[in-house]
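Numbering (our numbering), first residue to last: 669 to 770.
Have a look at the structure below, then the notes.
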């Protein structure tokens with residue numbers, strides 16, 4: 669299979685994607701959804717102690733990395749809009765055989 673060339677469309681979409689500020693803070697996510705720090709850690713792919721440090725006051729507080737803000741925004745988007753996403757697109761993105769869909 670030969671590689672596809674990047675045209676104007678692909679370069680424009682790459683620019684859009686790399687400049688996208690798609691993210692939600694842990695505090696915003698926690699205020700919106702009834703989740704535990706354990707579940708938030710699972711969503712973000714980090715340890716529970718990392719999530720705990722995001723919510724600490726004073727010494728030891730840690731700011732979340734941009735990838736974690738994006739992961740929270742992605743699941744927030746999915747929870748809000750799942751039914752609006754066509755099933756064939758869901759299967760293409762997430763794989764039909766590996767993941768069960770509701």
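Where is the CB? At the ideal position from N, CA and C, for every residue including glycine.
At the level of alpha carbons, what is the spacing between residue i and residue j?
i: residue 694; j: residue 679; result: 31 Å
i: residue 702; j: residue 752; result: 22 Å
i: residue 747; j: residue 717; result: 25 Å
i: residue 682; j: residue 714; result: 27 Å
i: residue 749; j: residue 727; result: 38 Å
i: residue 704; j: residue 759; result: 28 Å
i: residue 671; j: residue 757; result: 22 Å
i: residue 723; j: residue 669; result: 48 Å
Candidates the options: which alpha carbon is nearest residue i's?
i: residue 692; options: 757, 738, 759 and 704; result: 738
i: residue 700; options: 686, 710 and 744; result: 744
Just confirm the distance between the C-beta atoms of residue i and residue j, as a whole number of angstroms; I'd bet it's less than 8 Å.
i: residue 741; j: residue 684; result: With a Cβ gap of about 16 Å, residue 741 and residue 684 do not count as contacting.
Is residue i close to chain B? Criterion is C-beta to C-beta, closer than 8 Å.
i: residue 729; result: The displayed structure is made up of one protein chain only, and chain B is not part of it.
Hey, is the segment 673-688 in contact with the segment 728-736, meaning 3+ C-beta pairs nearer than 8 Å?
no
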